[in-house]
Amino acid sequence: MDILIIGFFIYSVLGYISEVIYCSIGQRKLVNRGFLYGPYCPIYGFGALVVIIFLEPLKEYWYLVFILGLILTSIIEYVTSYLLEKIFSLKLWDYSKRKVNINGRVCLRNSLLFGIMGMAGVYLLDPVFLPFLRSLDDNLKHVLASIIELVMVIDATASVIHLKSFQKSIVILKKKADEVTRETRDEIRETLSGEFDRMKEFYSRNASHFLFANPGLTSRSKEYKEAIEAYKAYIEKRKQIKTDYKRKMKENREDFLSKV
Numbered sequence: 002m003d004i005l006i007i008g009f010f011i012y013s014v015l016g017y018i019s020e021v022i023y024c025s026i027g028q029r030k031l032v033n034r035g036f037l038y039g040p041y042c043p044i045y046g047f048g049a050l051v052v053i054i055f056l057e058p059l060k061e062y063w064y065l066v067f068i069l070g071l072i073l074t075s076i077i078e079y080v081t082s083y084l085l086e087k088i089f090s091l092k093l094w095d096y097s098k099r100k101v102n103i104n105g106r107v108c109l110r111n112s113l114l115f116g117i118m119g120m121a122g123v124y125l126l127d128p129v130f131l132p133f134l135r136s137l138d139d140n141l142k143h144v145l146a147s148i149i150e151l152v153m154v155i156d157a158t159a160s161v162i163h164l165k166s167f168q169k170s171i172v173i174l175k176k177k178a179d180e181v182t183r184e185t186r187d188e189i190r191e192t193l194s195g196e197f198d199r200m201k202e203f204y205s206r207n208a209s210h211f212l213f214a215n216p217g218l219t220s221r222s223k224e225y226k227e228a229i230e231a232y233k234a235y236i237e238k239r240k241q242i243k244t245d246y247k248r249k250m251k252e253n254r255e256d257f258l259s260k261v
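Set out below in structure tokens:
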């Protein structure tokens, strides 16, 4: 059992690294990924163990490993997406805009990549990690497994609490924004706008983690979807203001130094 827990952690970290590299290349900037705060994606750890355990006996047939790995990981991704949406009313990823997809939960391109990653796990990674883990002292394995369990349970608990807070915050902000928009009297609108700005600043750090780590975050709920889109627009505007401010400061500094 300790070997499974440690293996789960290793593949979760490797999955996180793969996600970061893949998404960073696409967006041309370093991006954080994942539902949890730590540098690991449990869905990859679980998927890797399922593929390795069930497909190891079929190792002689690489095409079966690829096809079944593709199918198994796609099922895991679909079920995970479905459960997260049912529990939190949010979709952490949405492939609806991709050509071949199933309800926006899985898509052909990602499934093909998962099939390749499944082969990498069976033929390249497992032959290296499994002997290494088996060679470790039993007490050391137990300690490592216990630490991993504790860290990931704490992280998962904190992430769920913050996600619930995020859900609440984006709806509150949307309602406050609508309230500001509806008000016609200038003095009341100014007061409400000040309250709204303070609320956005208060909620921004918590919201930013989930929006940046899950850029495809959306919801089937109209209320949540509108609130998420409004907050994404605010985050982008806030980011642009900071960028413009830094640029102006740099230009002013260079202009000042040129006159000294």
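In the working numbering, the protein residues as written are 2 to 261.
The beta-carbon is built from N, C-alpha and C at its ideal position, and this holds for glycine as well.
Just so you know, these numbers come straight off a predicted model, no measurement behind them.
**Item:** Three-state secondary structure assigned by DSSP to Asn140
**Value:** The answer is helix: DSSP assigns Asn140 an H, G or I state.
**Message:** Excluding the 5 residues flanking Ile4 on each side, which residues of the same chain have their C-beta closer than 6 Å to its C-beta?
**Reply:** Closer than 6 Å at Cβ, skipping near neighbours: Leu134.
**Message:** For Thr81, count the other beta carbons within 10 Å of its own beta carbon; 16 or more makes it buried, fewer makes it exposed. Which is it?
**Reply:** Around the beta carbon of Thr81, a 10 Å sphere encloses 16 or more other beta carbons of the protein chains shown; the residue is thus reported as buried.
**Item:** CB of Gly39 within 8 Å of CB of Val152, strictly
**Value:** Less than 8 Å divides the Cβ of Gly39 from the Cβ of Val152.
**Prompt:** Can you pull the DSSP bridge partners for Cys108?
**Reply:** In the DSSP assignment, Cys108 is bridged to Asn102.
**Prompt:** Comparing alpha-carbon positions, which option in Phe10, Arg34 and Leu65 lies nearest Leu50?
**Reply:** In this structure, Phe10 is the residue among Phe10, Arg34 and Leu65 with its C-alpha nearest to the C-alpha of Leu50.
**Request:** Find the nearest neighbour of Ser90 within the set Thr219, Val52 and Gln241, judged by alpha-carbon distance.
**Result:** The closest CA to that of Ser90, considering only Thr219, Val52 and Gln241, is found on Thr219.
**Asked** If you compare alpha carbons, which of Glu20, Glu57, Cys24 and Gln168 is closest to Pro43?
**Response** When only C-alpha atoms are compared, the closest one is Glu20.
**Message:** So, with DSSP's three-state summary, where would you put Lys92?
**Reply:** Looking at Lys92 - three-state DSSP - the assignment turns out to be strand.
**Request:** Alpha carbon to alpha carbon, how far is Tyr45 from Gly35? Give it in angstroms, no decimals.
**Result:** Here the alpha carbon of Gly35 sits roughly 10 Å from the alpha carbon of Tyr45.
**Request:** On the DSSP bridge assignment, give the partners of Thr219 in chain order.
**Result:** Note: Thr219 sits in a beta bridge opposite Lys92.
**Request:** My understanding is that Ser160 touches Leu37, with C-beta atoms under 8 Å, so please give their C-beta distance in whole angstroms.
**Result:** The C-beta distance from Ser160 to Leu37 rounds to 5 Å, short enough to meet the 8 Å contact threshold.
**Asked** Can you give the beta carbon distance from Val123 to Ile53, rounded, assuming they're within the 8 Å contact cut?
**Response** Rounded, the Cβ-Cβ distance is 6 Å, consistent with contact.
**Message:** Restricting to Cα atoms, I'd like to know which of Met120, Asn140 and Leu109 is closest to Glu61.
**Reply:** Selected option, being the one with the closest Cα: Met120.
**Item:** Minimum C-alpha distance to Leu69 - residue among Thr244, Lys247 and Leu114
**Value:** Scanning Thr244, Lys247 and Leu114 for the CA closest to the CA of Leu69 turns up Leu114.
**Prompt:** Straight-line CA distance for Lys165 to Lys233?
**Reply:** C-alpha separation (whole angstroms): 17 Å.
**Item:** Unbroken alpha helix (DSSP H) run spanning Leu50, endpoints
**Value:** Annotation for Leu50: the continuous alpha helix (DSSP H) segment containing it runs Pro43 to Leu56.
**Message:** I need the straight-line Cα distance from Ile22 to Met118, nearest angstrom please.
**Reply:** C-alpha of Ile22 to C-alpha of Met118: approximately 14 Å in a straight line.
**Asked** Applying the criterion that 16 or more other CB atoms from any shown protein chain within 10 Å of the CB defines a buried residue, is Tyr64 buried or exposed?
**Response** Exposed.
**Buried/exposed call for Arg29, threshold 16 Cβ in 10 Å** = Exposed, because fewer than 16 other Cβ atoms sit within 10 Å of the Cβ of Arg29.
**Request:** Could you check the C-alpha separation between Leu15 and Arg248 for me, to the nearest Å?
**Result:** When rounded, the distance between both Cα atoms is 37 Å.
**Request:** Report the option in Leu141, Asp138, Leu131 and Leu109 whose CA atom is closest to the CA atom of Ile72.
**Result:** Of the listed residues, the one whose Cα sits closest to Ile72 is Leu109.
**Message:** Considering only their Cβ atoms, is the gap separating Ile18 from Glu150 smaller than 8 Å?
**Reply:** Not in contact: Glu150 and Ile18 (Cβ atoms no closer than 8 Å).
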